[in-house]
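Residue numbers (our numbering): 55 to 476. Note that the Cβ used here is the ideal one computed from N, Cα and C, for glycine as well.
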Ligand code: AMP
Ligand code: GLY
């Protein structure tokens with residue numbers, strides 16, 4: 055089988071390494087991939103948002119199955135376009151990807167179907183939003199409606215900050231059209247849990263839970279990033295919590311999407327907060343999370359491609375999805391200065407002995423040399439029987455990887471470890 059993976063980050067690298075384990079796979083292409091992925095499979099310089107280019111490539115190269123990993127192409131209808139050419143895909147069509155593509159859609163869905171989430175108001179008029187903020191409880195949370203590279207959420211600790219956020223989204227259009235509508239919602243508290251799930255629209259199978267570390271600096275300080283590290287499983291996600299989430303959130307969401315005529319097939323990501331009033335949905339993503347995937351998939355013992363095809367074919371209920379009873383930790387190595395400005399183009403050395411467990415996010419090839427080429431450069435994942443060992447092993451890996459200007463958090467997994475010891 056010839057497989058196409060759309061995307062080019064650490065998440066895609068993890069997906070590709072897992073798909074490679076299937077013996078029926080003869081060739082894998084990544085569009086656009088990156089310099090690290092190019093060491094494993096063929097990368098083709100077609101941008102993930104170039105839907106026409108992706109479809110043309112897939113047709114010309116007789117692709118048997120495609121995995122569309124990032125949010126943008128999913129929301130833009132990449133799966134619809136590939137399906138129209140007879141190419142089966144893993145990932146939701148555009149009608150279902152709206153669950154991530156529009157926060158107004160997802161909030162209204164949750165309200166309509168009684169799925170627990172933060173209280174909210176939607177505004178398409180800036181003046182009304184500003185008036186509302188005069189009396190809204192503070193802190194408050196302002197969210198741009200559309201995709202905003204993971205930056206469209208502002209937690210405002212003062213009324214002034216809240217107003218500035220509305221002005222920047224609705225007047226200055228810092229997120230472009232994504233800020234035409236904003237959601238202003240209740241500030242929730244509690245541990246956060248990421249739960250990725252496979253669903254074929256009938257059955258929902260949650261994967262092992264995980265914990266992201268979104269802030270740039272140790273102790274959850276500094277700016278929000280795409281994610282500086284992850285651990286799995288998430289110790290806050292007990293069996294009792296999992297059951298409650300299944301009954302009150304996961305199944306109702308799948309059913310709601312079906313009722314709306316937007317059957318979701320693919321990986322549905324539940325971003326949850328375990329509040330004093332029970333688990334609530336912070337956000338839905340229509341795709342695998344990054345860097346959650348880099349700890350979740352290494353723990354998957356069943357065959358990924360088989361599961362993906364079962365999702366496409368609607369046979370997930372009969373398919374084995376088994377995770378190892380172990381812990382995983384992924385530490386992200388970034389370019390110093392990320393998520394603001396940073397230098398790149400530095401040569402990287404990754405010891406051969408650990409390269410199977412290194413997922414490259416931002417690098418390019420210069421002949422045989424691998425050069426840094428992004429904010430997040432790579433993730434080093436270790437698996438072990440205990441979380442403590444997985445963390446230690448992952449930091450040993452990080453210390454053996456060399457490139458100039460490298461930066462990483464030193465406390466990935468610390469909070470999870472403390473929670474386990476509580
Ligand atoms: P997102 O970019 O949607 O992943 O959101 C970024 C982060 O903002 C989340 O991981 C939460 O930590 C935080 N967040 C989003 N919504 C809320 C909320 N209603 N209350 C508290 N924190 C929130
Ligand atoms: N790690 C969060 C995300 O993928 O959106």
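Taking the alpha carbon of residue i as the reference point, which residue from the options has its own alpha carbon closest?
{"i": "residue 313", "options": "336, 366, 261, 255", "result": "255"}
{"i": "residue 235", "options": "301, 197, 408", "result": "197"}
{"i": "residue 106", "options": "89, 137, 88", "result": "137"}
{"i": "residue 96", "options": "104, 111, 103", "result": "111"}
{"i": "residue 431", "options": "440, 319, 401, 327", "result": "401"}
{"i": "residue 277", "options": "417, 267, 152, 286", "result": "267"}
{"i": "residue 388", "options": "375, 455, 373", "result": "455"}
{"i": "residue 357", "options": "55, 60, 57, 75", "result": "75"}
{"i": "residue 300", "options": "334, 273, 288, 272", "result": "334"}
{"i": "residue 306", "options": "171, 378, 262", "result": "171"}
{"i": "residue 315", "options": "362, 174, 163", "result": "163"}
{"i": "residue 85", "options": "94, 62, 67, 72", "result": "62"}
{"i": "residue 90", "options": "437, 145, 448, 426", "result": "426"}
{"i": "residue 452", "options": "225, 414, 422, 230", "result": "414"}
{"i": "residue 237", "options": "336, 473, 394", "result": "336"}
{"i": "residue 116", "options": "133, 57, 68, 273", "result": "57"}
{"i": "residue 291", "options": "262, 269, 302", "result": "262"}
{"i": "residue 379", "options": "217, 441, 296", "result": "441"}
{"i": "residue 330", "options": "243, 209, 363", "result": "243"}
{"i": "residue 209", "options": "192, 224, 69, 156", "result": "192"}
{"i": "residue 434", "options": "338, 469, 406, 144", "result": "406"}
At a cut-off of 8 Å, would you count residue i as near ligand 1, judging by its Cβ distance to the nearest heavy atom?
{"i": "residue 219", "result": "no"}
{"i": "residue 199", "result": "no"}
{"i": "residue 376", "result": "no"}
{"i": "residue 129", "result": "no"}
{"i": "residue 242", "result": "yes"}
{"i": "residue 458", "result": "no"}
{"i": "residue 204", "result": "yes"}
{"i": "residue 22", "result": "Nothing in the structure corresponds to residue 22, since the chain is present only between 55 and 476."}
{"i": "residue 100", "result": "no"}
{"i": "residue 402", "result": "no"}
{"i": "residue 239", "result": "yes"}
{"i": "residue 327", "result": "yes"}
{"i": "residue 336", "result": "yes"}
{"i": "residue 207", "result": "yes"}
{"i": "residue 350", "result": "no"}
{"i": "residue 121", "result": "no"}
{"i": "residue 195", "result": "yes"}
Quick one: is the Cβ of residue i within less than 8 Å of any heavy atom of ligand 2?
{"i": "residue 89", "result": "no"}
{"i": "residue 345", "result": "yes"}
{"i": "residue 339", "result": "yes"}
{"i": "residue 389", "result": "no"}
{"i": "residue 248", "result": "yes"}
{"i": "residue 174", "result": "no"}
{"i": "residue 268", "result": "yes"}
{"i": "residue 61", "result": "no"}
{"i": "residue 323", "result": "yes"}
{"i": "residue 280", "result": "yes"}
Could you round the C-beta distance between residue i and residue j to whole angstroms and report it? I think they count as a contact, below 8 Å.
{"i": "residue 429", "j": "residue 462", "result": "Incorrect: roughly 12 Å between the Cβ atoms, too far for contact."}
{"i": "residue 386", "j": "residue 352", "result": "Not confirmed; about 15 Å, so no contact."}
{"i": "residue 159", "j": "residue 152", "result": "5 Å"}
{"i": "residue 65", "j": "residue 348", "result": "7 Å"}
{"i": "residue 252", "j": "residue 375", "result": "6 Å"}
{"i": "residue 129", "j": "residue 359", "result": "At roughly 24 Å, the Cβ-Cβ gap does not stay under 8 Å, so residue 129 and residue 359 are not in contact."}
{"i": "residue 239", "j": "residue 323", "result": "Rounded, the Cβ-Cβ distance is 19 Å, inconsistent with contact."}
{"i": "residue 285", "j": "residue 382", "result": "7 Å"}
{"i": "residue 220", "j": "residue 180", "result": "6 Å"}
{"i": "residue 466", "j": "residue 283", "result": "3 Å"}
{"i": "residue 326", "j": "residue 412", "result": "With a Cβ gap of about 29 Å, residue 326 and residue 412 do not count as contacting."}
{"i": "residue 195", "j": "residue 229", "result": "15 Å between Cβ atoms; not a contact."}
{"i": "residue 201", "j": "residue 125", "result": "6 Å"}
{"i": "residue 217", "j": "residue 271", "result": "Wrong, their Cβ atoms sit about 27 Å apart, outside the cutoff."}
{"i": "residue 311", "j": "residue 123", "result": "Wrong, their Cβ atoms sit about 20 Å apart, outside the cutoff."}
Name the DSSP bridge partner or partners of residue i?
{"i": "residue 260", "result": "251"}
{"i": "residue 456", "result": "403"}
{"i": "residue 195", "result": "209, 239"}
{"i": "residue 418", "result": "425"}
{"i": "residue 56", "result": "81"}
{"i": "residue 222", "result": "Its beta-bridge partners do not exist; DSSP assigns none."}
{"i": "residue 176", "result": "237"}
{"i": "residue 432", "result": "387, 414"}
{"i": "residue 246", "result": "327"}
{"i": "residue 187", "result": "Bridge partners of residue 187: none, in fact."}
{"i": "residue 153", "result": "Looking at the DSSP assignment, residue 153 forms no beta bridge with any residue, so it has no partner."}
In chain order, each alpha helix (DSSP H) run of at least 4 residues that lies wholly inside the segment 79-135 = 105-114, 125-129
request  = Quick one: which unbroken beta strand (DSSP E) runs of 3-plus residues sit fully inside the segment 265-349? Chain order, please.
outcome  = 269-271, 275-278, 283-286, 320-329, 332-339
request  = Write down every uninterrupted run of the alpha helix (DSSP H) in the segment 370-412 whose length is 4 residues or greater and which is fully enclosed by it, in chain order.
outcome  = none
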